[in-house]
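Q: These protein sequences, in sequence, are chains U and Y. Numbering-wise (the numbering used here), the first sequence opens with residue 1085 and increments by one. Numbering-wise (the numbering used here), the second sequence opens with residue 179 and increments by one. Where is the CB? At the ideal position from N, CA and C, for every residue including glycine. I have a structure I would like to understand better, so I am pasting it below and will then ask my questions one at a time.
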Amino acid sequence: MKTGDSYIFRSVASFLFFVINVFAVYLLLRGHNLPGGGFIGGLGSALSLIMLSMAYGVREAQKVLRVDPVRLATVGLLLAVVTGMLPLFLGEPFLRHFHWKFDGLPLLGKLEVGTPLLFDIGIFLVVVGVTAKMIFVLFRSISGLTALNPSEWRRYSADLEEPVEREHSRSSSELETEDGP
Amino acid sequence: MVALLFTAILLPFLLLPAVLAVGDRWRARTGWLALAAPVGSFAILLHLALTVAEPGGRLVVELAWVPSLGLDFTFMIDGLSLFFGLVVSGMGILVVFYASHYLDDHYRHHDRFYAYLLLFMGAMLGTVLAGNLLLLFVFWELTGITSFLLIGFLHEKSESRDGARMALLVTATTGLAMLAGIVLLGQAAGTYEIAALMDGAARNASPGTLSAAFVLIAIGALGKSAQFPFHFWLPNAMAAPTPVSAYLHSATMVKLGVFLIARIFPVFQGVELWAPLLITICFGTMLLAAVLALLSQDLKAILAFSTVSQLGFLIGFYGMGPAGGVQGDLLHIASHVFYKGCLFMVVGIVDHSTGVRDIRQLGGLRRELPLLAGITLVAAASMAGLPGTLGFISKEYMLKDMFAYWEGSAALAWYPLVFVGVASALKVAFSARIYWGIFGGPPSEKALAHFHAPGLGMQLAPLLLAGACLLFGLFPGLLGTGLAALQTAGLHDPTVVHYSLWHGVTREFLTSLLIMAAGAVVFFWLRRSFWARARIPAPLRFDAGFEGLVTAVPKWAKALGLALRFDRQFDYLAIALGFMVLMVGGYWWTQRTVLWPGLPTEADFDPVRTLVVGLIALAMAMIIVMRRWTSQLIAVSIIGFLITFYYVLFRAPDLAMTQILVESATLLLVLLLLARFPRSAEISEIGWFFSGRRQAVNLAISAGVGLLATLAALMAMQHRHPDPSGDYYLANTVPLAHGTNTVNTILVDFRGFDTLLEATVLVIACLGAIGLVMRYRRTAEEYAAGAMGPAGYGLGRKTEKKAEEADQ
């Protein structure tokens, strides 16, 4: 897929990227009382990454995210599990949630927060991570790149394993330069 | 006390992050940090044994986990669990200490090794201290998984991978049988708590259920302890680094079968199958494995088979147990732990120093390894049961029980005595062979070629174990006092036995002498020429058959798939849908007078809803009319977006938002996938796969499915659930979950466990997909063809070829 050839799309995309993500976090935070939540917010954030990949090419999008999305998903899952396990130390059953009420906070005023928010952040990260990983892998495969980059190869395969998919010196280097701005 | 117990179990897990963090920098010294876990756990358990536990007493600690499933974190402190806990953590200290010398800087991934070892240790402590059968099962399986990781630690070697896979498959499969048995028992007794079961909660269960539960649980125990017919996995697991073999495959994990049988002794001892099943299989295994040990050449294989043999005795011993309880079982287990752990470490040192493990190529090392020779002499003597060692005491009391059983009136009363006698004689022979094979005879050139002397640190752990063999062998009263304090209610006969070295010239003593003499004869006789060319005959090598089975399964599956034409999905769709139309539609037709929902009335029609339905119908027509894949896909997507309207109509903004986002994401992802296919793939249509008659059948099936869907929609409008679950959530979302968005409170609070598991599934699916993507290999031509290169397989290629033919 040829990407990164529309100046208008790129300009709009880089602006929209922030708007979408701010809105996604807003949806996540208000989820407990108003429509929204971790799953919805995560999907929104993942969509912003699709848009970025389309506008700038997948390698730029990967640079924006910096970490391997699977790590995000793992951290999210751990966060959810740990949130669920916290009550165990207080003699309460698994996944019991706690809530705290605050009054008279600066700027925010009255606020009621609880462990459900932590759990929801975990779900948010899982959804972003898993969706982003699949987006990147598919985008890379249609951009003439190997599905995983060398550092990911080291992580997902054994030490002595040869990559099954090797970048062919000539053709792939041409494709690499074609991708991205 | 509760906090102490939890600390003891959690300590290995808590130390994991630290070990992983420093592993890269500390390398071989990581072991010193890991040592903290077994030392701490051992100290706590010892403290508990000295202060809390009393002979025959029992302490239960509970913590609710999933109370609705009867699954609680229940831990039980009694003699048996403390004994095994002390063995696990005590051997843990020695093994980690030994490993920190054994795994020097030539090895890599010390962090991983100690992390697996700590995980295993924690799982073992959890298993033996568990007070709930389901919890026990969870930890039990965790030991299986960690042992898989440890056996396969040197995964560059194919034998490690095969050994690890075999161990996992055997123990996990038998573990499933055990789970079935546990559930059967739990359902019959109404509780999974071990304490309640030991007190007779299953008393009223029918004998048939109890027998079935016992057989299933016994399969799990026999699989874990490598008893016939599962005895083949343990020797193959010897591909693990030697500290692992010393820990898992002699002292701890394989003893879990023994532990489990001891645990359920009070529950199942009365079952009619108990004695015959355990006695025949386990004493049979004892003899078989002793013969196999005699035929093996690899030092570790000899020790592995001798472990299988001894485990057979330990389990069979419980099989003979009278209703009142057994005596001396802990002595036999302790004796085996001391000498077998020691011998494994010795073999590891010999391997480390010489690089040779084949006993035929070793010899004459007593001058190079004087200390090790002494250690080996004591440990081998204990294994053979020579006087002055703990093995002798163990054998005396073992023979005493055998004679007592013979005098009893049970069927097969002679069986244990004869089998144990013969196996013990063989054991004397291969114990002698181990010592003479390594240290006796002329010096072997091959062993000395790369010889380097081991440090004292590496020899310290086996030295301590050999010292224990000797100390308790000379003063058995010391061990006896300790073990008497660990007496377990229901399992042990409460009368106290005072172990002593000499009881006069009894029949046990004479039999013991006879066994030693026979063993010596066998040793000198086989030594002449037999051992130089001994090998295990093919029919006794179950592992080859097992490997064949494992490799055959994918082949069968592939053949079956080809025979059933799984690649022709259109046929399968027609069959599945046609079957549904015939069965569901046919049933509806026979019941039409009752089930006829009635046509919708004028009042059911609403202008807005009718408009949306009309738009959906239009999009469907587009799917049929459109020719390009992308256009069809977008038409499908339009339907998805239009469905959002209904969510809005029924006041579910969360669902509407989710629907829009999921629809957009899937549309984009599938569009990306389509970009992988060449343009030529979509030129032609599916249509010309089928003849005209086939198309008529397809049309009929489609019409039938449409009619059924219409009927279902009509019926859904007529019926309302008498007790909708939504009301409960709506009423309780604010008081119980402190949130006004009910959809969200259901997701994160009321049904949070579902969400957690779904998130887990999502991550697993993602990893699986990465695995699939990694497997796909593009050829150089496909790369050269660029992003729009030819599709990998299946429909695309076929259509492409046909389209090409059509062009000509």
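(1) So is glycine 972/Y in contact with chain U if we call contact Cβ pairs under 7 Å?
(2) When Cβ atoms are compared, which residues of the stretch 304-337 of chain Y fall closer than 7 Å to chain U?
(3) Take valine 912/Y and list the residues in its own chain whose beta-carbon comes closer than 7 Å to its own, dropping the five residues that flank it on each side.
(4) State buried or exposed for arginine 535/Y, treating a residue as buried only when at least 16 other CB atoms are found within 10 Å of its CB.
(5) Could you tell me the boundaries of the alpha helix (DSSP H) in which aspartate 1187/U lies?
(6) Quick check for students: name the residue ranges of the beta strand (DSSP E) that lie wholly in the stretch 364-413 of chain Y, counting only runs of 3 or more.
(7) At a CB-CB cut-off below 8 Å, which residues of chain U make contact with methionine 179/Y?
(8) Just to confirm the assignment: which complete alpha helix (DSSP H) runs, minimum length 4, are found wholly within the stretch 640-706 of chain Y?
(9) Provide the residue(s) that pair with glutamate 574/Y in DSSP beta bridges, ordered along the chain.
(10) If you drop the 5 nearest sequence neighbours on each side, which residues of the same chain put their C-beta closer than 6 Å to that of alanine 965/Y?
(11) Anything in the stretch 829-856 of chain Y with a Cβ closer than 7 Å to a Cβ of chain U? List those residues in chain order, please.
(12) Rounded to whole angstroms, what's the CA-CA distance from isoleucine 493/Y to serine 428/Y? Just pull it up for me.
(13) Quick one: does lysine 1217/U have its CB under 7 Å from some CB of chain Y?
(14) Just curious, the alpha helix (DSSP H) that arginine 1143/U is in, first and last residue?
(15) Cβ of arginine 975/Y less than 7 Å from any chain U Cβ?
(16) List the residues that DSSP assigns as beta-bridge partners of threonine 252/Y.
(17) Mapping DSSP to helix, strand and coil, what is leucine 777/Y?
(18) Can you give the Cα-Cα distance for leucine 849/Y and alanine 799/Y, rounded to whole angstroms?
(19) Work out the CA separation of methionine 1135/U and histidine 1116/U for me, nearest whole Å.
(20) Could you check what DSSP says for aspartate 536/Y in three-state terms: helix, strand or coil?
(21) Going along the chain, which unbroken runs of the beta strand (DSSP E) with 3 or more residues stay wholly within the stretch 301-336 of chain Y?
(22) Please go through the same chain and pick out, in chain order, the residues whose beta-carbon is closer than 7 Å to the beta-carbon of serine 622/Y, but skip the five residues on each side of it.
(23) What does a CB cutoff of less than 8 Å around threonine 196/Y pick up in its chain, not counting 5 residues either side in sequence?
(24) List the residues of chain Y that phenylalanine 1208/U touches, going by C-beta distances under 9 Å, in chain order.
(25) Identify the contact partners of aspartate 1204/U in chain Y, using a Cβ-Cβ distance below 7 Å as the criterion.
(26) Roughly how many angstroms lie between the CA atoms of phenylalanine 191/Y and serine 325/Y, to the nearest whole one?
(27) Since threonine 185/Y meets chain U, which of its residues come closer than 8 Å, beta carbon to beta carbon?
(28) Within 10 Å of its beta-carbon, does glutamine 896/Y have 16 or more other beta-carbons around it, so buried, or fewer, so exposed?
(29) Excluding the 5 residues flanking tryptophan 766/Y on each side, which residues of the same chain have their C-beta closer than 7 Å to its C-beta?
(30) DSSP beta-bridge partners for glycine 435/Y?
(31) Does the distance from the C-beta atom of cysteine 460/Y to that of valine 556/Y stay below 7 Å?
(32) How about leucine 1163/U: is its C-beta nearer than 7 Å to some C-beta of chain Y?
(33) Please confirm whether valine 600/Y and leucine 465/Y have their CB atoms less than 7 Å apart.
(34) Does DSSP put aspartate 202/Y in a helix, a strand or coil?
(35) Tell me whether the beta-carbon of histidine 288/Y lies closer than 7 Å to the beta-carbon of glycine 635/Y.
(36) On the DSSP bridge list, what partners appear for glutamate 1196/U?
A: Taking the coordinates as given:
(1) Low confidence applies to glycine 972/Y: its pLDDT is 29, below 50, so where it sits in the model is not reliable, and the reading given next is rough at best. For glycine 972/Y, the closest Cβ of chain U is not nearer than 7 Å.
(2) Going along the stretch 304-337 of chain Y in chain order, one finds His333, Glu334 with a Cβ nearer than 7 Å to chain U.
(3) The residues Thr918, in chain order, have a CB closer than 7 Å to that of valine 912/Y in the same chain once the five nearest residues on each side in sequence are set aside.
(4) With 16 or more other CB atoms across the displayed protein chains lying within 10 angstroms of its CB, arginine 535/Y is buried.
(5) From DSSP, aspartate 1187/U is part of no alpha helix (DSSP H) but of the beta strand (DSSP E) over 1183-1189.
(6) Listed in chain order, nothing qualifies, since the stretch 364-413 of chain Y has no complete beta strand (DSSP E) run of 3 or more residues.
(7) Near methionine 179/Y there are no residues of chain U at all, since even the closest Cβ is about 15 Å away, more than 8 Å.
(8) Counting only runs of 4 or more, we get 654-663, 685-706.
(9) Residue pairing by DSSP places glutamate 574/Y opposite no residue, since no beta bridge is assigned to it.
(10) Legend: pLDDT at alanine 965/Y = 45, less than 50; position of this residue unreliable, value from coordinates given subsequently. No residues qualify anywhere along the chain.
(11) For chain U, the residues of the stretch 829-856 of chain Y that bring a beta carbon within less than 7 Å of one of its beta carbons are Pro831, Asp832, Met835, Thr836, Leu839, Val840, Ser842, Ala843, Leu846, Leu847, Leu850, Leu851, Ala853, Arg854, in chain order.
(12) Each residue's alpha carbon lies about 15 Å from the other.
(13) Yes - at least one Cβ of chain Y is within 7 Å of the one on lysine 1217/U.
(14) Start and end: 1142-1149.
(15) At arginine 975/Y the pLDDT is 37, less than 50, meaning the model places this residue with poor confidence and gives no usable figure here.
(16) According to DSSP, which records beta bridges pairwise, threonine 252/Y is partnered with Glu240/Y.
(17) Note: leucine 777/Y maps to coil in three-state DSSP.
(18) Counting only the Cα atoms, alanine 799/Y lies some 20 Å from leucine 849/Y.
(19) When rounded, the distance between both Cα atoms is 28 Å.
(20) In the structure shown, aspartate 536/Y sits in a strand (DSSP, three-state: E or B).
(21) Runs of the beta strand (DSSP E) inside the stretch 301-336 of chain Y: none found.
(22) Excluding sequence neighbours, serine 622/Y sits near Gln539, Leu540, Gly541, Gly542.
(23) Reading the sequence as shown, one finds alanine at residue 196/Y and not threonine. Cβ neighbours of alanine 196/Y beyond the five flanking positions: Leu211.
(24) None at all; the shortest Cβ gap to chain Y is about 10 Å.
(25) Neighbours of aspartate 1204/U on chain Y, chain order: Val926.
(26) Roughly 16 Å separates the two Cα atoms.
(27) Residues of chain U passing the Cβ test: none, with the nearest at roughly 12 Å.
(28) Exposed: under 16 other Cβ atoms inside 10 Å.
(29) Result list for tryptophan 766/Y: Leu773, Leu889, in chain order.
(30) Partner(s): none; glycine 435/Y has no beta bridge.
(31) Using a Cβ distance threshold of 7 Å, cysteine 460/Y and valine 556/Y do not count as a contacting pair.
(32) It does not: the Cβ of leucine 1163/U has no partner Cβ on chain Y nearer than 7 Å.
(33) Yes. Within cutoff.
(34) The answer is helix: DSSP assigns aspartate 202/Y an H, G or I state.
(35) It is not a contact, given that the beta carbons lie outside the stated cut-off.
(36) The partner list for glutamate 1196/U (beta bridge, DSSP) reads Lys1185/U.
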